[in-house]
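Contents: one structure, followed by commentary.
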Amino acid sequence: MNDALALVGRLLLAMLMLAGTAQKLASPTEAQALLALAALHGWLIWPAAVFTSVAGIGIALGVATRPLAIMAAGYCVVTSLFHVLMDDPWQTTIAFKNWVIAGGYLVLAARGPGRFALRP
Numbered sequence: 024m025n026d027a028l029a030l031v032g033r034l035l036l037a038m039l040m041l042a043g044t045a046q047k048l049a050s051p052t053e054a055q056a057l058l059a060l061a062a063l064h065g066w067l068i069w070p071a072a073v074f075t076s077v078a079g080i081g082i083a084l085g086v087a088t089r090p091l092a093i094m095a096a097g098y099c100v101v102t103s104l105f106h107v108l109m110d111d112p113w114q115t116t117i118a119f120k121n122w123v124i125a126g127g128y129l130v131l132a133a134r135g136p137g138r139f140a141l142r143p
């Protein structure tokens, strides 16, 4: 049962990364606007899209799960900073959700991918 739960958890966390990639590709201007608020260049969404693709696929397959999960946790914490807009409760909620998701990635890093992985 633990291995099945680890697989489902891994797939859900991977879907978050892959959905982030799809969102950046479908509507880059929204992500670029958040970067602009932090005085960062909009082109930074492209390395972020590459990272979220690699992390999502690797975590889904169970390849390099621990290091990818640690990097994904860091990514969630860093990106949460773009959402801490106290005058926008929705964005602030997204920031807090990113911290919680980072916790899920850290648990994945600590526990590993489980038996149902290409590299358990």
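Each residue of the sequence shown is one higher than the last, beginning at 24 in the numbering used here.
Ideal Cβ placement from N, Cα and C applies to all residues, glycine included.
Per DSSP, valine 107 lies in no alpha helix (DSSP H) segment and is marked neither H nor E. Taking the C-beta atoms as reference points, threonine 115 is found no nearer than 8 angstroms to valine 123. Per the C-alpha coordinates, the member of Leu34, Ala27 and Leu28 positioned closest to alanine 92 is Leu34. A distance below 8 angstroms separates the beta carbons of glycine 85 and arginine 142. Beta-carbon to beta-carbon, glycine 137 and alanine 29 are separated by about 3 angstroms, close enough to satisfy the 8 angstroms threshold. Phenylalanine 119 and leucine 60 have their C-alpha atoms spaced approximately 19 angstroms apart.
For the pair isoleucine 68 and methionine 40, the CB atoms are not nearer than the 8 angstroms cut-off. Per DSSP, the continuous alpha helix (DSSP H) segment holding alanine 59 begins and ends at 51 to 60. Residue burial annotation: asparagine 25 is exposed, with fewer than 16 other C-beta atoms found within 10 angstroms of its C-beta.
Comparing C-alpha distances from tyrosine 128 to each of Ala140, Ser50, Ala78 and Ala42 shows the shortest one belongs to Ala78.
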